[in-house]
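J.: Those letters in the sequence shown? Residues 67 to 472, by the numbering used here.
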Amino acid sequence: MQNPATPAAAVGPLTSRPAAEASDTRAGRLVSVDFARGLVMVIMALDHVRDFTTAARFAPEELGETSPAYFFTRWITHFCAPLFVLLAGMGAGFMRASRSPRELSLFLLSRGFWLILIEQTVMSFGWSFVQPQGYALVLTTLSMIGFCMIFMALFIHLPRYPLLVLSVVIIAGHNLLDGRLVMPEEGPPPVWYALHEDIFTRIAGLPLVVVYPLLPWLAVMPLGYLLAGLYREPAVRRRRVLLALGFGAVVLFLVLRVGNFYGDPVPWMSQASYGMTLVSFFNVDKYPPSLLYLLMTLGPGLLLLAWSERLRGPLVDIINTFGRVPFAYYILHIYLAHLLALAIAQWQGFGWRAAAGGWWGLPDGYGVSLPAVYVTWLAVVALLYPFCRWLAGVKARRREWWLSYL
67 MQNPATPAAA VGPLTSRPAA EASDTRAGRL VSVDFARGLV MVIMALDHVR DFTTAARFAP
127 EELGETSPAY FFTRWITHFC APLFVLLAGM GAGFMRASRS PRELSLFLLS RGFWLILIEQ
187 TVMSFGWSFV QPQGYALVLT TLSMIGFCMI FMALFIHLPR YPLLVLSVVI IAGHNLLDGR
247 LVMPEEGPPP VWYALHEDIF TRIAGLPLVV VYPLLPWLAV MPLGYLLAGL YREPAVRRRR
307 VLLALGFGAV VLFLVLRVGN FYGDPVPWMS QASYGMTLVS FFNVDKYPPS LLYLLMTLGP
367 GLLLLAWSER LRGPLVDIIN TFGRVPFAYY ILHIYLAHLL ALAIAQWQGF GWRAAAGGWW
427 GLPDGYGVSL PAVYVTWLAV VALLYPFCRW LAGVKARRRE WWLSYL
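1. Based on the DSSP secondary-structure assignment, which residues constitute the bridge partners of Ile269?
2. Lys352 bridges to which residues according to DSSP?
3. With a Cβ-Cβ cutoff of 8 Å, do Pro380 and Gly245 count as a contact?
4. Report the three-state DSSP secondary structure of Leu34 (helix, strand or coil).
5. Once DSSP output is grouped into helix, strand and coil, what is the label at Val248?
6. Since Val321 is in the alpha helix (DSSP H), which residue starts that stretch and which ends it?
7. Using only CA atoms, which one of Ala372, Arg116, Ser171, Ala147 lies nearest to Ala438?
8. Near Pro126, what residues of its chain come up, given a Cβ to Cβ distance below 6 Å and the 5 sequence neighbours on each side ignored?
9. Can you find the residues in the same chain that come closer than 8 Å, C-beta to C-beta, to Val108, ignoring five residues on each side of it along the sequence?
10. What did DSSP end up calling Thr206 once you bin it into helix, strand or coil?
11. What residues match up with Thr143 in a beta bridge as DSSP calls it?
12. Alpha carbon to alpha carbon, how far is Val276 from His262? Give it in angstroms, no decimals.
13. Compare the beta carbon distance of Pro148 and Leu364 with 8 Å and say whether it is the shorter of the two.
14. Name the DSSP beta bridge partners of Val31, please?
15. Am I right that Ala372 and Leu309 are in contact with their C-beta atoms under 8 Å? What's the rounded C-beta distance?
16. In whole angstroms, what separates the C-alpha of Ala163 from that of His240?
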């Protein structure tokens, strides 16, 4: 996951504007984009630290097992993937001002294949330190973003309004496929089935595990690409449009969800307590992301972009640092969380090998309480900050091409 919205790429076409407006662009636009990206990276670590360290052996979305505390610890991290895909599209939109369509297409293609390669090698080992019996192609977050970038390399050649219509139609209409894709009675599902469903299948004899179906993710990145055009507008107009879009998405989510009209395969229902009723209401589908899931996450994300343009202070600077080096942060936080899991397993008497195979194979009795998960999460973020600050400084001072791949 890269940081395409670097100052050189993003501000270049605006240098002819008055100094005050250019300063606002640099201080407002880049701070808000870096802040939003950095915030979702910090929150994302909570989800993965929870995976590796929690004593709970159930999914937080399981209504019969979970509690509001566990569910909303998971729910807050739902904002991460949609916002990061949207922001990656915005980064491509900023680059469009300083690169030809051909140059941008080649960049997106190379970056997309790079992310897929890293997930199948570096990240595959980071999730599970144990050598697998056989190789499997696992498509999770990085691969999903990589494929979205590959599609973006084609989408940038479309006119803006047809691209907008295509994206909205895919996002709004893909839930019409819910329950309508028929699985074969025998044998693995066809590969095309993975466009809309998380599956295990085979392609040319190779096991394929799809955790993140591409629909509708590949339509979210173009929205960010188109939103980048707002950042050539005056700050007041930009914030007004972001606020209108954000509030509109939130209101549409509430209307559709309250009435269980459309947009998610599982309706919400009243539960035994008010807290669990809220859990049911906000428990929308991520795999694939339903229309309601995207409205619920992208709407507040747009509000965050509008609100954060005026943020300043030491804490903002810290979060911005993570937002400038998201790819390196992503890789390192998985390895660090997994190493901490080995330490916890050794400390609790299971032996470190009990946690080496990945969080999905942790033994019963392993793990720490939810408050301890939060403490561990903050420790992971704090431990990563010095390196991220150093790398962000290097990327700000130097312009070697290979730094864009870190």
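Just so you know, even glycine gets a beta-carbon here, dropped at the ideal spot from N, CA and C.
In this text the structure is predicted, and so the values were computed from the model without any measurement.
T.: Quick answer:
1. Numbered from its first residue, the sequence shown carries residue 269 at position 203. DSSP, once it has assigned bridges, lists Leu272 as partnering Ile269.
2. The residue you call residue 352 lines up with position 286 of the sequence shown. Answer is Pro355.
3. Numbered from its first residue, the sequence shown carries residue 380 at position 314. Numbered from its first residue, the sequence shown carries residue 245 at position 179. Taking 8 Å as the Cβ cut-off, Pro380 and Gly245 do not qualify as a contacting pair.
4. Since the first residue of the chain shown is 67 and the last is 472, residue 34 is not available in this structure.
5. By 1-based counting over the sequence shown, the position of residue 248 is 182. Val248: coil per DSSP, three-state reduction.
6. Walking along the sequence shown from the start, residue 321 turns up at place 255. Element bounds for Val321: 301-324.
7. Working through the sequence shown from its first residue, we reach residue 438 at position 372. Nearest C-alpha to Ala438: Arg116.
8. To locate residue 126, count along the sequence shown from 1; it is residue 60. Thr132, Tyr136, Phe137, Arg140.
9. Against the sequence shown, residue 108 aligns to sequence position 42. Closer than 8 Å at Cβ, skipping near neighbours: Ile385, Phe388, Val447.
10. Along the sequence shown, read from residue 1 onward, the residue named residue 206 stands at position 140. If DSSP states are grouped into helix, strand and coil, Thr206 belongs with coil.
11. Along the sequence shown, read from residue 1 onward, the residue named residue 143 stands at position 77. Its beta-bridge partners do not exist; DSSP assigns none.
12. If you number the sequence shown from 1, residue 262 lands on position 196. If you number the sequence shown from 1, residue 276 lands on position 210. Approximately 10 Å between the Cα atoms of the pair.
13. What you label residue 148 is simply residue 82 of the sequence shown in a count that begins at 1. What you label residue 364 is simply residue 298 of the sequence shown in a count that begins at 1. The answer is yes: Cβ separation under 8 Å.
14. Limits of the chain in this structure are 67 at one end and 472 at the other, which puts residue 31 out of reach.
15. Locating residue 372 in the sequence shown gives position 306, counting from the first residue. Locating residue 309 in the sequence shown gives position 243, counting from the first residue. Sure, about 5 Å apart at Cβ, within 8 Å.
16. Stepping through the sequence shown from its first residue, residue 163 is reached at position 97. Stepping through the sequence shown from its first residue, residue 240 is reached at position 174. Between Ala163 and His240, the C-alpha separation is close to 31 Å.
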